[in-house]
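**Q**
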Amino acid sequence: MGLGLELAGTNATWVFEQDRIEINYSSGLGQPRLLRKIKHRTIPYQAVSRATASGGDGNPQVMLHLRPGADPLTDVAAGQLSDESEPHLIELEPEQQELATYYADHINDHCDLNPDSDSPAPRFLVEVDQSPRRLKGYDGEASFDGSAVEFQWHPDASRVKHRSPKRRHELTELAGVEWVKPGLTSGHLLLVPHGERSDAPPVDNVRTLLFGFGFGTTAVSLPFAAAVQAAIQQAQPEAPLGLRSAASRPALPSTTPRPEMSREEILATIRELGKLHADGILTQGEFEQKKRELLDRL
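Following the UniProt record's numbering, the numbering of the sequence shown begins with 1 at its first residue and continues without gaps.
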């Protein structure tokens, strides 16, 4: 039975049950595509480290901070999502600051009952949809059937990828996945094997699907990567209940090699970013940051 507590925001509605928070995302066209694609999430209190309320000059917000290793989606996203696409943030109306503080305190009261709330989770606690799915990238297509990921390469893929006989990668061969948020001409999904990683660039790595040019959008590629990440953990035979400890999973690198871009591609991308800034889609700060990142690659 529910507790009868419901927090309705502009981007989502949170329903507070005895042991969990049910999040229903708004479906309006103005909402981020990722959240419209996910539609619903169940977050057990056991997976939450703390909650914070903020406001200031903007609309009040409540943010759930999950324990490291508790959620495959945020595990794979690795801090790359913008605030508007953050799945564990609810935005309220300007006059609801006190309500934001009340619910943050309510959540933290639950967290105080969990002695492990400040510790990494030994296994994923938030469930994600692991049903078979497909993902179209720039240089190929990936399919996930619950036991393996298989690549089919497009004509745009490199010769190395076309020549590789290895197209199917069993989950038991993999330590995890690495997802780099898609940009105009960047981003990828990498299957991380046990043992040594290949030092080949993403364009030639036979375990990597490239994004960019409208392929591999966040709304499609991130849920795909999270489903594979969760399934990999469940496929590990040595962990209790088929789940590996977050501490025993091989650490993924903090920096990721990026596909090479020609000088012409970099300048064209900067011009495109300038148009997005002029149209009000990118803020001045976002535009300057991306511009500097691109100029550093010249």
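Note that CB positions come from ideal geometry on N, CA and C, so glycine has one too.
Go ahead and label residue 207 buried or exposed: buried means 16 or more other beta carbons lie within 10 angstroms of its beta carbon, across all protein chains shown.
**A** By one-based count along the sequence shown, residue 207 stands at place 207. Residue 207 is buried by the Cβ-count criterion.
**Q** Only counting runs of 3 or more residues, tell me where the beta strand (DSSP E) segments fall wholly within the UniProt domain "DUF4429" (142-228), in order along the chain.
**A** Here the runs fully enclosed are 148-153, 168-170, 174-180, 188-193, 208-210.
**Q** Output the boundary residues of the alpha helix (DSSP H) element that contains residue 98.
**A** Position 98 of the sequence shown, counted from the first residue, corresponds to residue 98. Unbroken alpha helix (DSSP H) run through residue 98: 97-112.
**Q** Can you tell me whether DSSP reads residue 274 as helix, strand or coil?
**A** As a working mapping, residue 274 is identified with position 274 in the sequence shown. It is helical.
**Q** With distances taken Cα to Cα, identify the nearest neighbour of residue 37 among 48, 294, 222.
**A** Position 37 of the sequence shown, counted from the first residue, corresponds to residue 37. Cα-wise, what sits closest to residue 37 is 222.
**Q** By DSSP, does residue 247 sit in helix, in strand, or in coil?
**A** The count along the sequence shown starts at 1 and reaches residue 247 at position 247. Because the pLDDT at residue 247 is just 38, under 50, the model does not fix this residue reliably, and the point stays unresolved.
**Q** How should residue 262 be labelled, buried or exposed, when 16 other C-beta atoms within 10 angstroms of its C-beta is the threshold for buried?
**A** Reading the sequence shown from its first residue, position 262 is the one you call residue 262. That one is exposed.
**Q** With distances taken from CA atoms, which of 54, 118, 218 is nearest residue 85?
**A** Within the sequence shown, numbered from 1, the residue matching residue 85 stands at position 85. Selected option, being the one with the closest Cα: 218.
**Q** My output table needs one value for residue 287: the three-state DSSP class, helix, strand or coil.
**A** Taking the sequence shown and counting its residues from 1, the one referred to as residue 287 is at position 287. In the structure shown, residue 287 sits in a helix (DSSP, three-state: H, G or I).
**Q** In chain order, which alpha helix (DSSP H) runs of at least 4 residues are fully inside the UniProt domain "DUF4429" (14-107)?
**A** Whole alpha helix (DSSP H) segments, 4+ residues: 33-38, 72-77.
**Q** Report buried or exposed for residue 5, applying the criterion of at least 16 other Cβ atoms within 10 angstroms of its Cβ.
**A** Within the sequence shown, the letter at position 5 stands for residue 5. Exposed, because fewer than 16 other Cβ atoms sit within 10 Å of the Cβ of residue 5.
**Q** Taking the CB atoms as reference points, tell me whether residue 45 and residue 110 lie closer together than 7 Å.
**A** Within the sequence shown, residue 45 is the residue found at index 45, counting from 1. Within the sequence shown, residue 110 is the residue found at index 110, counting from 1. Yes.
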